[in-house]
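Trainee: These protein sequence lines map, in sequence, to chains A and B.
Positions in the first sequence are counted from 1; adding 947 to them yields our numbering.
Positions in the second sequence are counted from 1; adding 1267 to them yields our numbering.
Cβ coordinates follow ideal geometry from the N, Cα and C atoms, glycine included.
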Amino acid sequence: MNPLVPMLHSSVVAATPLIFAALGETVVEKAGVLNLGIEGMMLVGAVAGFAATLTTGSDTAGFAAAAVAGVLLSLVFGFLTITLQTNQVATGLALTLFGTGFSAFAGHDYAGLPLNPLPGVVIPGLTDIPVIGDLLFHYDIMVYLSLVLYAAIVWFLTKSHTGLKLRAVGESPTVAHAIGKSVNATRYLSVMFGGACAGIAGAYLSLVQTPMWVEDMSAGKGWIALALVVFGTWKPTRVVLGAFLFGAVTQIELFAQSMVPIPAEFLSMLPYAATVVVLVIICRDPKTILLNQPASLGRSFHPAA
Amino acid sequence: MKRHLLKTIGLGVAAGLLAAAPQPSFADPLKVAFVYLGPTGDGGWTQQHEMARQKLQATLGDKIKTSFIEKVPEDATSEGIFRKLAADGNMLIFGTSFGYMEPIQRVAKLFPKVKFEHVNGYKTANNVVVYEPRFEEGFYLLGIVGGLMTKTNTLGFIGSFPIPSVVRDADSMTLGALSVNPKIKTKPIWVSTWYDPGKERQAAETLVAQGADIVAQNTDSPASIQVAQEKGTYAFSIDADMSKFGPKGQLTGSTEDWSGYYIAETEKVLNGTWTGNRATRWGLKEGMVVLAPLNPAIPASVVKVVDEKKAAIIAGKLNPLEGPIKDNAGAEKVAAGKTMSDKDFNSMNWYVAGVEGELPK
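(1) Compute the beta-carbon to beta-carbon distance between N1616(B) and P1431(B), rounded to the nearest angstrom, for a pair I have assumed lies under 8 Å.
(2) With G1149(A) and L990(A) assumed to form a contact (beta carbons below 8 Å), what rounded beta-carbon distance in angstroms separates them?
(3) Over the uninterrupted alpha helix (DSSP H) stretch that includes A1392(B), give me the two end residues.
(4) Are the Cβ atoms of V1381(B) and M1358(B) separated by less than 9 Å?
(5) Let me know if G1499(B) comes out buried or exposed under the rule of 16 or more other beta-carbons within 10 Å of its beta-carbon.
(6) Would you kindly work out how many angstroms separate the C-alpha atoms of K1234(A) and T1028(A), rounded to a whole number?
(7) Please confirm if P1289(B) has its CB atom under 9 Å from at least one CB of chain A.
(8) Hey, does Q1321(B) have any beta-carbon neighbour from chain C nearer than 9 Å?
(9) Between T1453(B), V1397(B), L1408(B), which has its C-alpha nearest T1419(B)'s C-alpha?
(10) According to the Cβ coordinates, are V1386(B) and T1363(B) closer than 9 Å?
(11) Spell out a yes or no on whether the region 1156-1166 of chain A and the region 1460-1473 of chain B are touching, meaning 3 or more CB-CB pairs, one atom from each, closer than 8 Å.
(12) Are the beta-carbon atoms of D1524(B) and Y1501(B) separated by less than 9 Å?
(13) Classify V1207(A) as helix, strand or coil using the three-state DSSP reduction.
(14) How is the alpha helix (DSSP H) around R1435(B) delimited, first residue to last?
(15) Which chain A residues are close to R1468(B), counting only those with a beta carbon under 9 Å from its beta carbon?
(16) Unbroken alpha helix (DSSP H) runs of length 4 or more, entirely within the region 1331-1407 of chain B: which are they?
(17) Is the beta carbon of A1016(A) less than 9 Å from the beta carbon of G992(A)?
(18) Please list the partners that R1030(A) has in chain B, where partner means a Cβ-to-Cβ separation under 8 Å.
(19) With a threshold of 9 Å between beta carbons, is A1148(A) in contact with chain B?
(20) Quick check on DSSP: helix, strand or coil for Q1517(B)?
(21) Return the CA-CA distance between P964(A) and V1601(B), expressed in angstroms with no decimal places.
(22) Runs of 3 residues minimum, wholly inside the region 1573-1617 of chain B: which ones carry the beta strand (DSSP E) assignment?
(23) H1085(A) CB to nearest chain B CB: under 9 Å?
(24) Quick check: L1042(A) and L983(A), are their CB atoms within less than 9 Å of each other?
(25) Please identify, using Cβ separations under 7 Å, the residues of the region 1307-1333 of chain B that lie next to chain A, in order along the chain.
(26) Is D1501(B) helix, strand or coil when you go by DSSP?
(27) Per the DSSP calculation, T1453(B) is bridged to which residue(s)?
(28) Taking the C-alpha atoms as reference points, what is the distance between S1488(B) and P1306(B)?
(29) Give me the residue from F1406(B), V1475(B), Q1372(B) with the minimum Cα distance to G1516(B).
(30) Output the distance between the C-alpha atoms of V1339(B) and G1388(B), rounded to the nearest integer angstrom.
(31) Determine the direct distance from the alpha carbon of Q1035(A) to that of A1014(A), and round the result to whole angstroms.
(32) So who's on the other strand from R1468(B), going by DSSP bridges?
(33) In terms of residue numbering, what span does the alpha helix (DSSP H) encompassing R1629(B) cover?
(34) Does any CB atom of chain A fall closer than 9 Å to the CB of K1511(B)?
(35) If contacts are defined as beta-carbon pairs under 8 Å, then I1456(B) and T1473(B) qualify, I think. What distance do you get, rounded to the angstrom?
(36) Hey, out of N1613(B), Y1407(B), E1623(B), whose CA is closest to E1399(B)'s CA?
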């Protein structure tokens, strides 16, 4: 078998949790809320999903539990930042710290237990095609669902009435409020959506990628998802491409080690260096960021003000 | 009457003073404490220490009282933990991670009567000793299993950081494999982390894609066992038996059983024969290095070779790091008939012939 095929396959699997988390955050930020708590919500989702699947034996139950756990945690963030109008950056950071600690506490008894991995989807006829079948039709169901989610979000943000309303809230909450849209209700819903996505992303790690629970297993992926949103200039298509690129670069790093005599530490730096380079390219023209960043990002809105 | 009363009070006070004086009583159990780097349920390194602690407690029963503190980072936190344990009356304290070396040295000076045991370290004192398993014996046997079982003549190795103690594992495995199969190549991948299941998984997939049908590791998660189980290849576990994560995928593994050492050392403290300034290295012979259960897929002919080599190592007839050993650039590092000096052993930062690539420097 051509070694490139499994390489690409691994890249896609590595990208999938990033896609879920980053797409969720894109919607949250489009509504003008900056939630830095993705890492925490992913970890809580990972442990909730693992516990649910271990108990019930059902992967669906695991992902559902992870989404619910993500939503619950995001509601804490929503209540603090939207209702009580706390600082979004500080609250988001606190959410990550809390999620990391809480997941370690809640998951203590689940550490070191095995779980069967989610089986790959088999599409009769298609999965068996050489190379193409391996490349396109050989993943677990969540990989395909992440692309469905992507398509749905693109449609939602550009074509649906509610999506346009959400963007209006993110651009100018005052105007949205003046024409009778409920700013804070919209923000609550988008924060909850982001929480569900982050929870599912976490469960993808503990149920599919490496079916087990270990503390801190997200290993910074929540932060990468956050960077991807900026990297993709708040456009879902670019966010998804960025996630695939990141997945591929992490894979190339390992692949290249036996090919070229480059220090492993340098290669480990590559994905992050690539992120910095792309961010620099994006920011070279300040308009790219200014035109795309939701104007009210990170600012609280008080309806009476 | 009054005098009698005073006398009684006097006696009582004297008795009270005597009781309050710190007299070691034989009825009091010896307090033994363990400091762990990871959670006890890590399924690997820390779990093995915890199992040994439980066995120690069960074996010596009410003569001792053991306790542990888990998830102690290798920073200033650990010094406080060691100090507290010593102040709480623990007379024997085991620190089970390399990074506790300096904190143990500092706390040991403050508590000269408390005995400290440090794993994998090299600094001793009058009340500090170090102990370490002969990992190279375990990895040498893994190499033999791998060398006889591989169909592609390629073994993979997922390394954490290219430090001597890890490079040595890759080298020992390669030497073991070459002793039974001269065509063996080992492909190493360094992941720059001890514990990142996602990255370890990617590394294992990369090695399999590059033709390694058996992958060893010294990183901590069972991710590569899971990959082997899924892809129909094989992997070796590290520290603990990880076969529950992939019963078909795990061929065997190099694991540790610390209980023999912990029981022996605690008994020394109990009968007063414990001394400081020692460095202990135990291997297959003493039972500190143990192979994980062999996968039923390993044919009897292979099991026979493994058993013979194991017996030879135990009998002292075979030293995995005996010359001639060449590095992978062709230079002779250990002459025929010689074994490596401790200094060379502790600073082994070169690949033996058979390992591909250059060591990241």
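Mentor: This is what the structure gives:
(1) In the second sequence, counting from the first residue as 1, residue 1616(B) sits at position 349. In the second sequence, counting from the first residue as 1, residue 1431(B) sits at position 164. Confirmed, about 5 Å.
(2) Walking along the first sequence from the start, residue 1149(A) turns up at place 202. Walking along the first sequence from the start, residue 990(A) turns up at place 43. About 6 Å separates the two Cβ atoms, so the contact holds.
(3) Within the second sequence, residue 1392(B) is the residue found at index 125, counting from 1. First-last for A1392(B): undefined, no H or E at that position.
(4) Here residue 1381(B) is taken as the residue at index 114 of the second sequence, counted from 1. Here residue 1358(B) is taken as the residue at index 91 of the second sequence, counted from 1. Yes, these two residues count as a Cβ contact at 9 Å.
(5) Taking the first residue of the second sequence as position 1, residue 1499(B) is located at position 232. With fewer than 16 other Cβ atoms within 10 Å, it is exposed.
(6) In the first sequence, counting from the first residue as 1, residue 1234(A) sits at position 287. In the first sequence, counting from the first residue as 1, residue 1028(A) sits at position 81. Distance between the alpha carbons of K1234(A) and T1028(A): 28 Å.
(7) Looking up residue 1289(B) in the second sequence gives position 22. Because P1289(B) carries a pLDDT of 45, less than 50, the predicted location of this residue cannot be relied on, and the following value inherits that uncertainty. P1289(B) does not count as touching chain A.
(8) In the structure shown, chain C cannot be found, because the protein chains are A and B.
(9) Walking along the second sequence from the start, residue 1419(B) turns up at place 152. When only C-alpha atoms are compared, the closest one is T1453(B).
(10) Taking the first residue of the second sequence as position 1, residue 1386(B) is located at position 119. Taking the first residue of the second sequence as position 1, residue 1363(B) is located at position 96. Yes; because the gap between Cβ atoms is below 9 Å, this pair is in contact.
(11) yes
(12) Here the question's residue 1524(B) lines up with position 257 in the second sequence. Here the question's residue 1501(B) lines up with position 234 in the second sequence. Cβ distance not < 9 Å, so D1524(B) and Y1501(B) don't count as in contact.
(13) For the purposes of this step, residue 1207(A) is taken as residue 260 along the first sequence, with counting starting at 1. Of the three classes helix, strand and coil, the one that applies to V1207(A) here is coil, per DSSP.
(14) By 1-based counting over the second sequence, the position of residue 1435(B) is 168. Its alpha helix (DSSP H) spans residues 1431-1447.
(15) On the second sequence, position 201 is the one that residue 1468(B) refers to. Those are S957, V960, A961, Q1156, T1157, listed as they occur along chain A.
(16) 1343-1354, 1368-1377
(17) Position 69 of the first sequence, counted from the first residue, corresponds to residue 1016(A). Position 45 of the first sequence, counted from the first residue, corresponds to residue 992(A). Against a cut-off of 9 Å, the Cβ pair of G992(A) and A1016(A) comes out as a contact.
(18) Start at 1 with the first residue of the first sequence, and residue 1030(A) comes out as number 83. Per the sequence shown, residue 1030(A) should be read as Thr rather than Arg. Those do not exist, as T1030(A) stays about 35 Å from chain B at its closest Cβ, beyond 8 Å.
(19) Within the first sequence, the letter at position 201 stands for residue 1148(A). So no, A1148(A) is outside the interface.
(20) For the purposes of this step, residue 1517(B) is taken as the residue at position 250 of the second sequence. It is a strand residue.
(21) Residue numbering aside, residue 964(A) sits at position 17 when the first sequence is read from its first letter. Residue numbering aside, residue 1601(B) sits at position 334 when the second sequence is read from its first letter. Going from the Cα of P964(A) to the Cα of V1601(B) covers about 48 Å.
(22) 1599-1601
(23) The sequence position of residue 1085(A) within the first sequence is 138, counting from 1. Output row for H1085(A): interface = no.
(24) Taking the first residue of the first sequence as position 1, residue 1042(A) is located at position 95. Taking the first residue of the first sequence as position 1, residue 983(A) is located at position 36. Cβ atoms of L1042(A) and L983(A): closer than 9 Å.
(25) G1308, D1309, G1310, Q1314
(26) Numbered from its first residue, the second sequence carries residue 1501(B) at position 234. This sequence places Tyr at residue 1501(B); Asp is not what is there. In the structure shown, Y1501(B) sits in a strand (DSSP, three-state: E or B).
(27) Counted from its first residue, the second sequence places residue 1453(B) at position 186. L1422(B), V1622(B).
(28) By 1-based counting over the second sequence, the position of residue 1488(B) is 221. By 1-based counting over the second sequence, the position of residue 1306(B) is 39. Cα to Cα, the separation comes out at about 13 Å.
(29) One-based indexing of the second sequence puts residue 1516(B) at position 249. Nearest of F1406(B), V1475(B), Q1372(B) to G1516(B), Cα basis: V1475(B).
(30) Here residue 1339(B) corresponds to residue number 72 of the second sequence, with the count starting at 1. Here residue 1388(B) corresponds to residue number 121 of the second sequence, with the count starting at 1. V1339(B) and G1388(B): Cα-Cα distance of roughly 17 Å.
(31) Along the first sequence, read from residue 1 onward, the residue named residue 1014(A) stands at position 67. Along the first sequence, read from residue 1 onward, the residue named residue 1035(A) stands at position 88. Answer to the nearest angstrom: the Cα atoms are 22 Å apart.
(32) As a working note, residue 1468(B) is residue 201 in the second sequence. Answer is none; R1468(B) lacks a bridge partner.
(33) The requested residue 1629(B) is not part of the displayed model; chain B covers only 1268 to 1628.
(34) If you number the second sequence from 1, residue 1511(B) lands on position 244. At least one chain A Cβ lies under 9 Å of K1511(B).
(35) To locate residue 1456(B), count along the second sequence from 1; it is residue 189. To locate residue 1473(B), count along the second sequence from 1; it is residue 206. Correct: roughly 6 Å between the Cβ atoms.
(36) Indexing the second sequence from 1 puts residue 1399(B) at position 132. Minimum Cα distance to E1399(B) is reached at N1613(B).
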